[in-house]
Structures are given as C-alpha cells and as structure tokens.
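Visitor: Next up is a structure, given as structure tokens.
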Amino acid sequence: MIKYMLLCVGVGFAAGRLDYFQGLAAVSTGIILVCLCLMTFIASIDMGKKDFLKDLKNAGWKIIVYSFATIIGTLIMVWIVSPMLPLSSKDALVAASGMGWYSLATGLVFDYSPSLSVVTFVYCLLREMTAMFLMPLLWKRFQAPELVSIAGSAAMNPSIAAATITGDQRLVFYGMVSGSIVSVFVPVLVPFMIAL
Amino acid sequence: MLMAVFGMIMIAGILAGARLPWIPSESRLRDNVQRVFLYTLLFVLGHQLGSDDAVVASLSQMGILGVALAVAGMLGSFLFVLFLRIQFEKPRKDAADD
C-alpha cells in the first residue's frame, strides 16, 4: 500500500510540474478538505464499532502530557542540532515552532524572513509527509503516542492514513487530540520565537 | 474552526458506529472507499506541491535545511514521548510482576 501512496504523490507531483489538470489547483483545497472529512467519518465509524469511547476515558491526561512532550522534544532536539546547520539557533527554533502546520507557520515566518519561511514550509510539509509513511512502518514496534508525535500539529492526516493501513483506530484518536493540542500552540509559539 | 468541524465529524461517526446496528463491524466496501479517498488526497497534495514553481525552486535551495530540521524535530518529539510513555508504563509492569 505504501508503494501506491508514493506513486500517488509522485504522479501528482509530475502532473503538477507538467501543468496537467490545471483546474485542480483551484479546487484542491476543497478536495483535500472533503477527503479528510469523509476519511475521518469512516474512521470514526470504525472507532464507534470497536468500543473506543471506553479507551477515550482511560487515555485521559496522558495525551495532554504527550502533546506537550511533542512540542518540547521538537524544540530541544532542533536547538541541539542547530549549531551544525548554517542557521542561527533562533531561526531554527522559529522554523521548528511551525510543528507541521505549514499554511499558518509559513505565513507567520514570512514577515520575519522570506527565506526562512521556505525552510519552515519544507520542514512542515516533510513532517506531515514523512509521518504518513513512517507511522505505518514503525507501527509494529511502537505505540500510538510516539508515532503520532512524529507529525506534530499535522497529526490528523497521517494518523488517518496510518489507521487505514494498519487498522489501529487508536492512531486516529491520538492524532486528533494531540494534533489539536499542538496546533493551539503554533500561533503563539512562532511569534514568541521570533520575538526572542 | 477546522479542528471543531473535524471534532464534530468524529463524534458523529463514533456515535453512528456505536448506535447504528445495521452498520457492519467489518466492511470491505468501507475500507476500499477509505483507500480511494487516501489516494486522492495524496495525489492532490503532490499536484499542489508540483504546480507551485516557487515551492519547487525553494525545495531545491532550502530543502536540505528543511530536511535536517524535520528529522531533528521528528526525532526529538518521538524520543521524548517514547521516554514518557515508558515511564508511565513502568509502575504497571512492576505491579504485574508482584
């Protein structure tokens, strides 16, 4: 299935480069939204069938802790790595604060530095895309909290994709909750890091 | 706003799954439909990326930095959450050993 997923991205990318399906650009946001809504709905039906509400009660406060750990872990590791990059620690932290929310973070960083906004975009996009492939690959050895943390704020899309492949609907739940919590902090974190 | 919409969709789906007995627990049709939406989503994401010249040019110029930050960010969050989960599970295992 991962081969087909890669193929879809590759064919889509090639079609975009070759200017095929030009009309798609105008409606792509709507298509993405509709696909996500319907995939979420179908995944939720599976969750309802598997008595997931009970698991929801058991999960509780730990998900909030994991969400904060996602933010802190990201920032600490980027700060550690930043001296090895041709980028100041502050700029690295500004870009990393996007946490995967490329539409918002890129715009927020653009006023500060247009070139850094490109790095932010690539970082955020890669985080989501990589998580989409890594989550199913690592699923047998690891569990939902750490798998979902890979995607940061963009956890919802990869989680739905991973749940589709693995059948583990906990990923959708963790992705929704963790992604929402991390997303709340992105509009605050990016300006905070810029102001440092 | 978007998160609220998805939250409501999710609640509706869970309730439908839990309360509507005529919806089967396992359904090949549901799985196939889900996959079609996934492939469509990936195709459109790839198309969006490929059709934007500025993004493609930026990918080649700033890509390495973005990759490095993405790897560091993903690794950091993954390891920290993994560490916390193992810590949370420790007492349970100790109790089970007793």
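From first to last, the protein sequence lines are chains A and B. Just so we're on the same page, this note's numbering is the position in the first sequence counted from 1, plus 41. Just so we're on the same page, this note's numbering is the position in the second sequence counted from 1, plus 1423. Note that beta-carbon positions come from the ideal geometry of N, C-alpha and C, so glycine has one too.
1) Return the residue from the list A/183, A/79, A/217, A/76 that minimises the CA-CA distance to residue 1542 of chain B.
2) Going by CA-CA distance only, name the one from A/168, A/204, A/79 that's closest to residue 181 of chain A.
3) Please state the DSSP three-state secondary structure of residue 1508 of chain B.
4) Where does residue 210 of chain A land, buried or exposed, given buried means 16+ other C-beta within 10 angstroms?
5) Does the separation of the CB atoms of residue 86 of chain A and residue 1437 of chain B fall below 9 Å?
6) Is the beta carbon of residue 1494 of chain B sitting closer than 9 Å to the one on residue 114 of chain A?
7) Less than 8 Å separating the Cβ of residue 150 of chain A from some heavy atom of the ligand HEM?
8) Starting from residue 186 of chain A, find everything on chain B with Cβ-Cβ shorter than 7 Å and list it in chain order.
9) At the level of alpha carbons, what is the spacing between residue 162 of chain A and residue 88 of chain A?
10) Mind the definition here: the stretch 66-86 of chain A touches the stretch 1470-1489 of chain B only if three or more C-beta pairs lie below 8 Å; say whether that holds.
11) So that I know if they touch, is there some Cβ in chain A lying closer than 9 Å to that of residue 1453 of chain B?
12) Can you pull the chain B residues whose beta carbon is under 8 Å from the beta carbon of residue 168 of chain A, in chain order?
13) Name, please, each residue of chain B whose Cβ falls closer than 9 Å to the Cβ of residue 205 of chain A.
14) Would you identify the three-state DSSP class for residue 184 of chain A, choosing helix, strand or coil?
15) Determine which residues of the stretch 69-89 of chain A have a Cβ less than 9 Å from any Cβ of chain B, and write them out in chain order.
16) Answer yes or no: does any C-beta atom of chain B fall closer than 9 Å to that of residue 209 of chain A?
17) May I ask you to report which of helix, strand or coil DSSP gives residue 209 of chain A?
18) For the candidate residues B/1445, B/1479, B/1489, B/1486, whose alpha-carbon lies nearest to that of residue 90 of chain A?
19) Strictly below 7 Å CB to CB, what residues from chain B border residue 182 of chain A?
20) Assuming residue 142 of chain A contacts residue 227 of chain A (C-beta within less than 8 Å), just tell me the rounded distance between them.
21) Any Cβ of chain B within less than 9 Å of the Cβ of residue 150 of chain A?
22) Please classify residue 1451 of chain B as buried or exposed, where buried requires at least 16 neighbouring CB atoms within 10 angstroms.
23) Give the interface partners of residue 1433 of chain B over in chain A, defined as CB-CB distance under 9 Å, in chain order.
Guide: This is what the structure holds:
1) It is not possible to answer for residue 1542 of chain B, since the shown part of chain B is limited to 1424 through 1521.
2) A/204
3) helix
4) buried
5) yes
6) no
7) The model on display carries no ligand, and the ligand HEM is accordingly not part of it.
8) 1504, 1508
9) 32 Å
10) yes
11) yes
12) 1493, 1496, 1497
13) 1454, 1457, 1458, 1460, 1461
14) coil
15) 69, 70, 72, 73, 74, 75, 76, 77, 78, 79, 80, 81, 82, 83, 84, 85, 86, 87, 88, 89
16) no
17) coil
18) B/1445
19) Those within 7 Å of residue 182 of chain A in chain B number zero; the least Cβ separation is about 11 Å.
20) 5 Å
21) no
22) exposed
23) 81, 82, 84, 85, 88, 213, 214, 217
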